[in-house]
Amino acid sequence: MKLNSQIKILISVLLVFAVLTSGVIFLKSQFTEKKEMITDLILQKNRFLSRAIQGAEFSKIPQILNEELSVPEWSRTMLIDKNGKILFQDSYSKSQHDDVLLKSDRLRQVLSGGSSEGLFNDVSFADGEVFLGYNQVPGVGLILSVAPVSLIQKSMAFQALSVGIITILILTFGLLLFSAVLNRLTLGLEVLSKEVDNIGQGNLKARIKHKLGAQEIEVLANAFNSMAKNIEDLILVKEKKSYMDAEIRTAEKVQKSFFPELHVDERHYSISGYSEQLHGCGGDWLYHFRRGDMLYLGVGDVTGHGLSSALLTGVSRAVFSVFEDDPKISPARMLENLHKVLYKVAQGSLTMTFFLAKIDMTTGECTYSNASHCSPLLLNKSSGEWNSEFILGDAGPLLGSESQTSFTDNKCVIKKGDWLFVYTDGVPEMKIGPAEGQPKSLGDRRMIKLLKESLTKKGPSLTQHIASRLKDMRSIHPVDDDFSWMMVEFK
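Numbers 1 to 491, taken from UniProt numbering, label the letters of the sequence shown in order.
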């Protein structure tokens with residue numbers, strides 16, 4: 001059953017009950033009021049007749065009573081002596097045989113008791129119950145007035161009919177008015193319910209397009225339209241996000257192909273590398289390759305994060321595939337050529353820092369060039385302790401920042417047993433600290449300490465150890481940049 005019908009039935013029952021109860025209470029009060037009025041009139045009539053005949057000659061009393069009762073009365077009158085003998089009886093009383101009432105036990109008690117005035121309101125008689133009022137007239141007897149209860153009943157019948165008609169009119173008007181208001185109210189709810197069901201069945205275009213009446217329903221309708229639009233927008237956003245997530249996962253897989261194997265163990269060197277991109281794919285790039293006795297190491301960092309930066313690493317990988325076929329090209333010359341390509345591709349909107357080294361495995365001579373990248377760290381052991389120093393040199397401009405630029409080759413010597421740590425700025429700038437404390441950057445000092453503690457590890461275990469320690473140190477603080485590194489041991 002619909003809500004509209006349920007409310008109509010409930011309110012109709014309550015309204016009928018309320019109106020009928022009010023009618024019954026009104027009629028009951030009217031009956032009581034009329035009964036009190038009749039009894040009061042009987043007592044007043046008896047008092048009036050008593051005063052009229054009091055002190056009059058006994059022989060003239062019937063005449064006086066006939067004169068006073070000449071007007072048709074609503075009640076009957078008798079005058080009896082103290083023995084119950086009728087001294088006077090009007091014609092109306094005679095026709096109703098009121099003399100039968102003289103046999104009433106109550107009336108006999110009044111005659112014997114000497115009560116001056118009173119009234120019985122439940123005396124049974126041939127034509128039904130009657131009111132019997134009496135008044136003692138000193139030296140004469142007892143005036144009796146009889147009025148049938150049916151007088152009230154006849155009056156009440158008319159009033160009951162009037163109340164019934166008024167009740168029917170009130171109920172009819174009330175129910176019609178309530179039904180109209182309820183229909184206006186529940187129509188809006190039905191429309192709202194239908195559109196909610198449409199949303200539930202997947203119709204995200206469902207909207208309430210017309211006014212629904214009551215202000216509160218209008219508020220609900222506006223809230224529904226706003227909610228439906230928000231749901232539609234959120235689903236569209238989710239679909240786009242799902243699409244983007246799929247694209248990013250694809251881009252992530254593609255970008256991983258730009259990286260060489262990051263765990264290499266050769267006779268003259270071993271490499272352990274790690275890269276974590278903030279958004280699955282990003283601007284950090286690690287690369288190495290070998291031509292004869294020459295080992296090339298490169299680490300780059302594109303400005304920004306995400307797909308655009310990842311695309312530039314792809315461009316870099318393509319350029320390096322050309323460099324691999326030219327064993328005589330220097331690091332500075334490589335960076336100049338890469339710079340030209342990146343500038344043509346991004347027109348200065350994206351730039352890249354880069355460190356590139358060319359190491360002779362037979363002599364240990366390292367030729368390197370830097371394009372505004374973090375200075376690599378060289379660790380060597382002396383007197384049983386690890387020492388560290390940054391490989392400094394001319395810090396060239398950012399790759400792709402301007403159309404024409406040049407880079408310088410720098411040289412250093414790497415010895416057997418040395419370790420070379422190349423990395424992006426995401427490592428020293430990583431936020432660390434306890435969960436409840438203010439985060440701080442890892443910094444160079446803590447980074448060097450961590451590396452020295454990790455040099456007992458080899459290969460993948462070295463990478464896992466450093467990554468695990470960094471995760472513990474940053475606690476719950478989020479990573480806000482890509483971070484990558486390569487640890488190279490020279491044997």
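Ideal Cβ positions, reconstructed from N, Cα and C, are used throughout, including at glycine. It should be emphasised that the depicted structure is a prediction, and the values quoted were computed from it without experimental measurement.
Problem - Stretch pair the stretch 55-64 + the stretch 123-135: three plus CB contacts closer than 8 Å - result: no
Exercise for the section: Name the two residues that bound the continuous beta strand (DSSP E) containing Ala147. Expected result: According to the DSSP assignment, Ala147 belongs to the beta strand (DSSP E) that extends over Gly141 to Pro148.
Practice task
Run through the stretch 52-96 for me and flag every whole beta strand (DSSP E) of 3 or more residues, listed as ranges in chain order.
Solution key: 76-80 and 86-89
Problem - Collapsed DSSP secondary structure at Phe323 in the structure displayed - result: helix
Practice task
Pull up the CB-CB distance for Leu312 and Met352, whole angstroms please, since I reckon it's below 8 Å.
Solution key: 6 Å
Exercise for the section: Please state whether DSSP places Val264 in a helix, a strand or coil. Expected result: strand
Problem - Exposed unless 16 or more other CB atoms sit within 10 angstroms - verdict on Pro376 - result: Its Cβ being crowded by 16 or more others within 10 Å, Pro376 is buried.
Exercise for the section: Using 10 angstroms around the beta-carbon of Pro148, count the other beta-carbons present and answer buried if the total reaches 16, otherwise exposed. Expected result: Classification of Pro148: buried, given that the 10 Å Cβ count is 16 or more.
Exercise for the section: Provide the residue span of the alpha helix (DSSP H) that contains Gln109, from first to last. Expected result: Asp105 to Gly113
Handout entry: Leu119 - DSSP class collapsed to helix/strand/coil
Key = strand
Practice task
Could you round the C-beta distance between Ile359 and Met294 to whole angstroms and report it? I think they count as a contact, below 8 Å.
Solution key: The Cβ separation is near 7 Å, so the contact holds.
Practice task
Measure the CB-CB distance between Ser441 and Lys431 and report whether it falls below 8 Å.
Solution key: yes
Exercise for the section: Could you check what DSSP says for Ser193 in three-state terms: helix, strand or coil? Expected result: If DSSP states are grouped into helix, strand and coil, Ser193 belongs with the helices.
Problem - Assigned secondary structure, Ile476 (DSSP; H/G/I helix, E/B strand, else coil) - result: coil
Problem - Reference Leu455; option with closest CA among Ser475, Gly426 and Met486 - result: Met486
Problem - Asp284: first and last residue of the uninterrupted beta strand (DSSP E) it sits in - result: Asp284 to Arg291
Practice task
Just tell me which of Ser275, Phe289, Tyr343 and Gly282 has its CA closest to the CA of Asp265.
Solution key: Nearest of Ser275, Phe289, Tyr343 and Gly282 to Asp265, Cα basis: Phe289.
Exercise for the section: Thinking Asp284 and Asp482 are a contact (beta carbons under 8 Å), I'd like their distance in whole angstroms, please. Expected result: 4 Å
Handout entry: Three-state class that DSSP yields for Thr186 in the structure shown
Key = helix
Exercise for the section: Determine the closest residue to Thr32 out of Thr77, Gln136, Ser475 and Gln153, with distance taken between C-alpha atoms. Expected result: Gln153
Problem - Local conformation of Ala346 per DSSP, three classes - result: helix
Handout entry: Pick from Gln6, Leu335 and Asp325 that is closest to Ser316, judged by C-alpha positions
Key = Leu335
Practice task
Using a threshold of 8 Å, state whether the C-beta atoms of Gly141 and Leu87 are closer than that.
Solution key: Against a cut-off of 8 Å, the Cβ pair of Leu87 and Gly141 comes out as a contact.
Problem - Local conformation of Thr424 per DSSP, three classes - result: Assigned with DSSP and collapsed to three states, Thr424 falls in coil, not helix or strand.
Handout entry: Where Glu276 falls: helix, strand or coil (DSSP)
Key = strand
Handout entry: Cα-Cα separation, Gly396 to Asn410
Key = 11 Å
Practice task
Let me know if Gly133 comes out buried or exposed under the rule of 16 or more other beta-carbons within 10 Å of its beta-carbon.
Solution key: buried
Exercise for the section: Compute the Euclidean distance between the alpha carbons of Lys415 and Pro478, then round it to the nearest angstrom. Expected result: 38 Å
Problem - CA-to-CA distance, Val427 to Leu470, given in whole angstroms - result: 9 Å
Problem - For Thr313, the three-state DSSP class (helix, strand or coil) - result: helix
Exercise for the section: Over the uninterrupted beta strand (DSSP E) stretch that includes Leu451, give me the two end residues. Expected result: Taken as a continuous stretch (DSSP letters only), Leu451 belongs to no beta strand (DSSP E), being part of the alpha helix (DSSP H) at Gly443 to Ser454.
Exercise for the section: Mind reading off the beta-carbon distance from Ala206 to Ala228? Whole number of angstroms is fine, and I expect it under 8 Å. Expected result: 6 Å
Handout entry: Cutoff 6 Å; reference His279; Cβ partners in own chain excluding five residues on either side
Key = His305 and Gly306
Practice task
May I ask you to list the residues that DSSP assigns as paired with Ala395?
Solution key: Asn370
Problem - Asp301 - partner residues in DSSP beta bridges - result: Residue pairing of Asp301 in beta bridges, as defined by DSSP: Asp284 and Thr353.
Handout entry: Residue of Ile235, Gly273 and Gln136 minimising C-alpha distance to Leu462
Key = Ranking the options by Cα distance to Leu462, first place goes to Gly273.
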